Amino acid sequence: MILKAVFLLSFSSLSFEVLLTRVFSISQWNHLSFMAISIALFGFAASGTFLCILDKRKKHWERQLAKKKSLLHFIHLYTLFTIAAFVALNNMPIDFFRLPLDTVQALYLLAAFIFLALPFFFTGLIVTIAYSGLPEKSGLVYFATMAGSACGALLPIPLLPVLGEGKLIIISALLPFALMSLKWPGGKLNFSKTKKAESSAPEIKPRVLILGRLIIIIISIFLMSPAGDYFIRIKPSQYKALSQTLRFPGAQVTKSVNDLRGRIDHVKSKYIRFAPGLSLKFTEKLPMQKAGFKDGDNPFILYDIQTQKDALFAKFTLPYSGYTLSNNAENILVIENGGGLAIPCAIATGAKEITVIEQNPEMAKTVQQHYNLFVINQIPRSFLARSNKRFDIIHIENWGSSIPDMAALTQE
């Protein structure tokens, strides 16, 4: 029983920790995703501190907490607080830009930190109880912890593209709750029990457990239904490019693709305009555009270019100035990292061969289908290190932070 609980909670908590990094990356920026590690460590440390204080005030606490009903109670609390903490974080009006000016934001951040640490608190509690109860099988406890953690870290890889962050967090939280009814090989806890101690241990009434299960089941069904999608769908910060673009009339997300590399949202609107550095001498119409956003930011614009004439506007932009230095370029390499203007610049030259490098698989697939160009889905440094091919022009596009050193906040 106890080894089963250790494995399942380790599995679920590591999966939750990995998914938290995705939640922070989408809702805020990915430099905040590292906070998930400190939250987990804080929760585990809090459980050890709690049991240390309990040991000084109450003897034989292991005997009571290691009972099957107590373990079930802890697992119920773990599931409930995991779901509640995620929903609270996702709907809490946290604005990190107002943190130095608004004291309420500090309270929001503290509350989110404590709520998110509670699932790891209960996981640490179960693991500590297992080590106390099975000292002769500490190796098995360690194996259950590490095996569960390893499996939990792998869970988002196949399921994240199918379910998304919100639903996968709910499912991972429900796994210990649902699977505790199965019989797994465990080990009886090595406590010297007496009748007196056994009778003095508080019993959790079955009706309390039943009520807790009903509450968890009802909440989970609601959140997994279309009606609960609003509460669990990750919402990007209002300062991110996706939130700003969706304010355009008629703007809508046509497709969203999730994986561990990021969430790509495809947005369509006739009001999307992206032509940085466009000269006032260009008086024609810009081609229609649509955009893709990684984790709610870092826009990549796709231009509706049917002929070379549709890319004429690119010749009136600043990025095209580099092409004027190389006449009759036949072979062009475009390294993309957001923006999207480099491809129209390359098309406007009339080059016979255009190669695009895009390291995000979804965006690479989209660019290949949209422009019908040769796209390499690879890290640019790796490609340049291996390739012996020579190009007339190498265009590196990187629309990021303009303030020095600010790009460090978006490093992955």
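If you're matching positions, the sequence shown starts at 900 in my numbering and goes up one per residue.
The beta carbon of each residue, even a glycine, is placed where N, CA and C say it ideally should be.
For clarity, every value in this text was computed on a predicted model and none was experimentally measured.
Three or more Cβ pairs drawn from the region 1017 to 1027 and the region 933 to 945 lie within less than 8 Å of each other, which places the two stretches in contact. Taking a cut-off of 8 Å on C-beta distances, the region 1060 to 1073 touches the region 909 to 917, as three or more cross pairs fall below it. Taking 8 Å as the cut-off, the Cβ atoms of F1012 and I938 count as close. For R921 and V1266, the gap between their C-alpha atoms comes out near 24 Å. Excluding sequence positions up to five before and after L976, its CB lies within less than 6 Å of the CB of F1021, all in the same chain and listed in chain order. A direct Cα-Cα distance of roughly 30 Å separates P1198 from L1122.
Judged by beta-carbon spacing, N1259 lies within the 8 Å limit of G1161, meaning their Cβ atoms are closer than that value. Between the region 1215 to 1232 and the region 1162 to 1179, the count of Cβ pairs shorter than 8 Å is three or higher; the stretches touch.
Less than 8 Å separates the beta-carbon of Q1151 from that of K1167.
Counting only runs of 3+ residues, the beta strand (DSSP E) found wholly inside the region 1233 to 1285 occupies 1252 to 1256 and 1273 to 1275, in chain order.
Of all C-beta pairs linking the region 1245 to 1254 to the region 1265 to 1280, three or more are shorter than 8 Å, placing the two stretches in contact. Rounded to whole angstroms, the separation of the alpha carbons of G1238 and A1190 is 9 Å. By the Cβ neighbour-count rule, V1061 is exposed, with fewer than 16 other Cβ atoms within 10 Å of its own. Looking at the DSSP output, S1048 bridges to nothing. Inclusion of L988 and L1015 in the CB contact set at 8 Å is warranted, their separation being smaller than that value. Beta-bridge annotation (DSSP): N1297 is paired with N1236. Between the C-alpha atoms of P1125 and R1112 there is a straight-line separation of about 22 Å. For the pair I1246 and F1290, the CB atoms are not nearer than the 8 Å cut-off. Secondary-structure assignment with DSSP links A1190 through a beta bridge to V1166 and I1200.
Shown here, D954 sits in a helix according to DSSP, grouped into three states.
In the structure shown, G1065 falls within a helical segment according to DSSP collapsed to helix, strand and coil. Cβ neighbours of G1221 within its own chain (closer than 8 Å, five residues either side excluded): I1292 and H1294. Closest in C-alpha terms to P1243, from the list M1262, L1185 and S1286, comes L1185. For Y1138, the closest C-alpha among the options G1032, L1201, E1183 and R997 is that of R997. Under the three-state reduction of DSSP output, T1182 falls in the coil class, being neither helix nor strand. Inclusion of I1120 and F1076 in the CB contact set at 8 Å is not warranted, their separation being larger than that value. From the listed residues I982, N1236 and Y1007, the smallest Cα separation to G1065 is found for I982.
Apart from sequence neighbours up to five positions away, the residues of its chain that approach E1235 with a beta-carbon distance below 8 Å are F1199, A1241, I1242, V1255, I1256, E1257, M1262, V1266 and E1296, ordered along the chain.
Assignment of alpha helix (DSSP H) within the region 985 to 1060, counting only whole runs of 4 or more residues, yields 1002 to 1032 and 1037 to 1053 in chain order.
DSSP places D1291 outside both helix and strand once states are collapsed to three, so it counts as coil.
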